[in-house]
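The sequence shown begins at 913 in my numbering and counts up by one.
Everything below concerns the one structure shown next.
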Amino acid sequence: MYRLVVLLLGLLLVPPTARAEDDPYLLTIDLGEAIRVLGDEDSFEREPLEILLVGLGDRAVPALRKGLATEDEAVRMGIIEVLTETEAEGASALLLERAKMDDSIYVRVEAISGLVSRDAPEAAEVVSSALASDEPLLYRAAFGGCGRYCTSPEQLDRIVAFAFSEPVVQMVGPRGALVRTAGIPEHRAAVVAALERGAAPKLVADDPEVRVRAAMLLAALEDERAAPGLEVALDQEIATMLRVQAIVALGGVGNESTVTTVGASLATLSPLIRPAACKALSILAYRGVEGASAEAVQRGCPGAK
């Protein structure tokens, strides 16, 4: 049925341009227009052609290759999406080529993501190269491939360093990369070692934001040493988003004393921060930490019981 849909789409959306005189069954179509529509902002125009080109598989690869060499950025972005989804054998090679040398940084980023999504062997090379780059869009794209592809001490140290230098809103990238890598049993020890080198010493930094960032990294691996650093967020005026994330994370590593500390802070926290403290108490209660449920009820946390 899928092949029939693809065929019908092809006949309806891509006009035939030639028919073989010696065999009426043979039809030649021009994929140029279909490929150019990949740059259309209208998804209703674009998506049927994506389905067609993905369904054509290997037969579409020569046309897609030409499009990558000749079409504008928007079209090339659409081609990258098709190459990410298709089962065509030549797709990964084209993605690798674009990840390395496309004129558009955005196309390069999408090509890196495409290789990672395909779990292609070629992804290791481009993820490593992107992580070493000073271009934020490139190294942030590399975070998505970390887990399987960022495992050397040098790479892990660089990811830890990014967790301290990135804007708060982007910190989820390096933190997530470390968590995914640690989730692979044979790489967990390497991540722990990287955190010992780059994060643990910063738990006693003078800057409260640095202490909180360090604690956030350790908390991601459920290291109880993170709790005092996370508690800094309860009474220090640091970035609001970081405060919220840190207070919630406190629920995952805190103990009985944390319950008292978080509960007491609820009387003074702003309405914007207060829900994070209630969430921390909820997580502590879920973990079975004594007194957490009662504290949440006493402090009037919504849904507490």
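The beta carbon of each residue, even a glycine, is placed where N, CA and C say it ideally should be.
The beta carbon of Ala-986 sits closer than 7 Å to the beta carbons of Gly-951 from its chain, once the five residues preceding and following it are set aside; these are given in chain order. Going by beta carbons, Ala-1145 and Val-1124 fall inside the 8 Å limit.
The region 1103-1113 makes contact with the region 1062-1082: 3 or more CB pairs, one atom from each, lie closer than 8 Å.
One Cα belongs to Arg-977, the other to Asp-1046, and the distance between them is close to 29 Å.
Boundaries of the alpha helix (DSSP H) around Asp-1069: 1065-1077. The beta carbon of Phe-1055 lies closer than 7 Å to those of Gly-1085, Pro-1086, Gly-1088 and Ala-1089 in the same chain, with the five residues before and after it left out. In the DSSP assignment, Met-1128 falls within the unbroken alpha helix (DSSP H) covering 1120-1132. The three-state reading of DSSP puts Ile-941 in strand, counting E and B together. When Val-1104, Glu-1022 and Leu-1154 are compared, the shortest CA-CA separation from Glu-1134 is found for Val-1104. The three-state reading of DSSP puts Thr-1180 in coil, since its state is none of H, G, I, E or B. One Cα belongs to Arg-1155, the other to Ile-1185, and the distance between them is close to 8 Å. In the three-state scheme derived from DSSP, where H, G and I count as helix and E and B as strand, Ser-1016 is classed as coil. About 5 Å separates the beta carbon of Val-994 from that of Leu-965, a gap short enough to meet the 8 Å contact definition. Exposed is the label assigned to Tyr-1198, since fewer than 16 other Cβ atoms lie within 10 Å of its Cβ. Per DSSP, reduced to three states, the secondary structure at Lys-1191 is helical. The continuous alpha helix (DSSP H) containing Pro-1140 extends over residues 1138-1143. Annotated three-state conformation of Ala-1111 is coil, per DSSP.
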